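Residue numbers (the working numbering): 607 to 907.
Just so you know, even glycine gets a beta-carbon here, dropped at the ideal spot from N, CA and C.
On a predicted model such as this, the values are computed, not experimentally measured, just so you know.
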């Protein structure tokens with residue numbers, strides 16, 4: 607048991623060291639991520655132009671590139687990984703919920719990008735500059751929604767009653783896990799799906815807007831949903847890792863329920879909500895500026 611704890615501690619320290627190193631190189635990482643996105647944008651545009659000229663074999667390359675783009679978006683600038691990690695680190699939903707919520711959030715993100723373009727670009731026929739301004743407002747609003755999710759998590763965590771007066775024993779009929787989790791907390795799950803999906807991926811908007819400009823909107827929609835699928839698969843993988851890591855930590859260090867443990871878990875959930883609020887503030891203050899020429903031109907297309 608001691609050896610297992612030691613090994614798990616070393617793994618945790620290695621992950622922590624990696625996160626610290628990433629934080630120290632965050633500016634360089636963001637610059638690399640932006641440059642990679644621009645290169646992928648140009649590659650996607652090339653495939654869209656080939657499809658528009660009748661080279662439909664380029665559609666296979668379009669699917670592959672958009673799927674990879676979705677994965678890289680989830681790993682790099684995507685906000686979903688932060689929401690999912692915070693949620694699963696401080697909560698213990700059923701396995702199916704832990705995996706389906708991030709995936710559904712990614713699909714909703716793709717649908718929101720399509721709705722944005724269809725309503726504003728095709729329905730209202732807005733100019734590229736107006737579309738960029740609309741995207742700016744939408745990203746600001748989505749940051750506020752994420753902050754609202756953080757506030758909801760803090761309030762719900764603070765309202766949870768302590769169960770120190772209950773004496774657990776074998777056969778008492780209660781779950782002796784490290785935390786008490788509602789069986790059907792669908793409001794929180796829906797909030798996470800919306801918080802993940804209400805903010806369209808800028809790359810998805812860029813690709814779909816360009817596709818609509820050159821007259822192949824359906825291919826653009828297909829590319830966007832393939833991108834969402836890649837993002838969803840990446841977030842599901844992350845959810846599996848975080849859930850397993852949390853489970854192992856609970857087995858090794860949090861096996862015995864106690865009033866102090868419940869207090870620590872409550873504080874952890876409050877802290878998780880506070881982190882989401884801080885993250886939302888960063889998103890709100892760092893929204894990509896409005897481009898009068900259109901986002902797809904500013905993105906290097």
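Which residues in the same chain as residue i place their Cβ atom closer than 8 Å to its Cβ, once the five residues preceding and following it in sequence are excluded?
{"i": "residue 672", "result": "650, 813, 829, 830, 832, 833 and 836"}
{"i": "residue 842", "result": "705, 708 and 709"}
{"i": "residue 703", "result": "795"}
{"i": "residue 848", "result": "690, 691, 694 and 695"}
{"i": "residue 686", "result": "680, 708, 711, 712, 715, 802, 837 and 841"}
{"i": "residue 601", "result": "Residue 601 falls outside the range modelled here, since the chain spans only 607 to 907, and no answer is possible."}
{"i": "residue 740", "result": "722, 726 and 732"}
Would residue i pass as a contact of residue j if the rule is Cβ separation under 8 Å?
{"i": "residue 718", "j": "residue 803", "result": "yes"}
{"i": "residue 876", "j": "residue 760", "result": "yes"}
{"i": "residue 807", "j": "residue 656", "result": "no"}
{"i": "residue 890", "j": "residue 749", "result": "yes"}
{"i": "residue 753", "j": "residue 644", "result": "no"}
{"i": "residue 844", "j": "residue 797", "result": "no"}
{"i": "residue 688", "j": "residue 885", "result": "yes"}
{"i": "residue 746", "j": "residue 893", "result": "yes"}
{"i": "residue 675", "j": "residue 640", "result": "no"}
{"i": "residue 763", "j": "residue 665", "result": "no"}
Please classify residue i: is it buried, with 16 or more other beta-carbons within 10 angstroms of its beta-carbon, or exposed?
{"i": "residue 725", "result": "exposed"}
{"i": "residue 888", "result": "exposed"}
{"i": "residue 700", "result": "exposed"}
{"i": "residue 670", "result": "exposed"}
{"i": "residue 637", "result": "exposed"}
{"i": "residue 660", "result": "exposed"}
{"i": "residue 721", "result": "exposed"}
{"i": "residue 805", "result": "buried"}
{"i": "residue 648", "result": "exposed"}
{"i": "residue 770", "result": "With a pLDDT of 46 at residue 770, under the threshold of 50, the modelled position of this residue cannot be trusted; read the value that follows with caution. By the neighbour-count rule (16 or more Cβ atoms within 10 Å), residue 770 is not buried but exposed."}
Since residue i and residue j should fall inside the 8 Å C-beta cutoff, what is the C-beta to C-beta distance between them, to a whole number of angstroms?
{"i": "residue 695", "j": "residue 852", "result": "6 Å"}
{"i": "residue 678", "j": "residue 633", "result": "About 18 Å; that fails the 8 Å criterion."}
{"i": "residue 654", "j": "residue 737", "result": "Going by Cβ atoms, the distance from residue 654 to residue 737 rounds to 18 Å, so no, they are not a contact pair."}
Under 7 Å Cβ to Cβ from residue i, same chain only, skipping five residues before and after it: list those, please.
{"i": "residue 818", "result": "723, 727, 728 and 826"}
{"i": "residue 710", "result": "799"}
{"i": "residue 777", "result": "The predicted position of residue 777 is uncertain, since its pLDDT is 43 and thus under 50; no value can be drawn from it."}
{"i": "residue 682", "result": "639"}
{"i": "residue 766", "result": "872"}
So, at 6 Å on beta carbons, what are the nonlocal neighbours of residue i in its own chain, with the 5 sequence-adjacent residues on each side left out?
{"i": "residue 874", "result": "696"}
{"i": "residue 658", "result": "820 and 822"}
{"i": "residue 772", "result": "Since pLDDT at residue 772 reaches only 44, below the 50 mark, its modelled position is unreliable, and the value read off the structure follows with that caveat. Nothing listed; no residue qualifies."}
{"i": "residue 881", "result": "692"}
{"i": "residue 684", "result": "none"}
{"i": "residue 810", "result": "719, 830 and 833"}
{"i": "residue 668", "result": "653 and 829"}
{"i": "residue 824", "result": "none"}
{"i": "residue 846", "result": "none"}
Below 7 Å, is the gap between the Cβ of residue i and the nearest heavy atom of the ligand SAM?
{"i": "residue 701", "result": "Of ligands this structure carries none, so the ligand SAM is not represented either."}
Exercise for the section: Report yes or no: do the segment 868-887 and the segment 714-731 share at least 3 C-beta pairs separated by less than 8 Å? Expected result: The answer is no - the segment 714-731 does not touch the segment 868-887, with fewer than three Cβ pairs under 8 Å.
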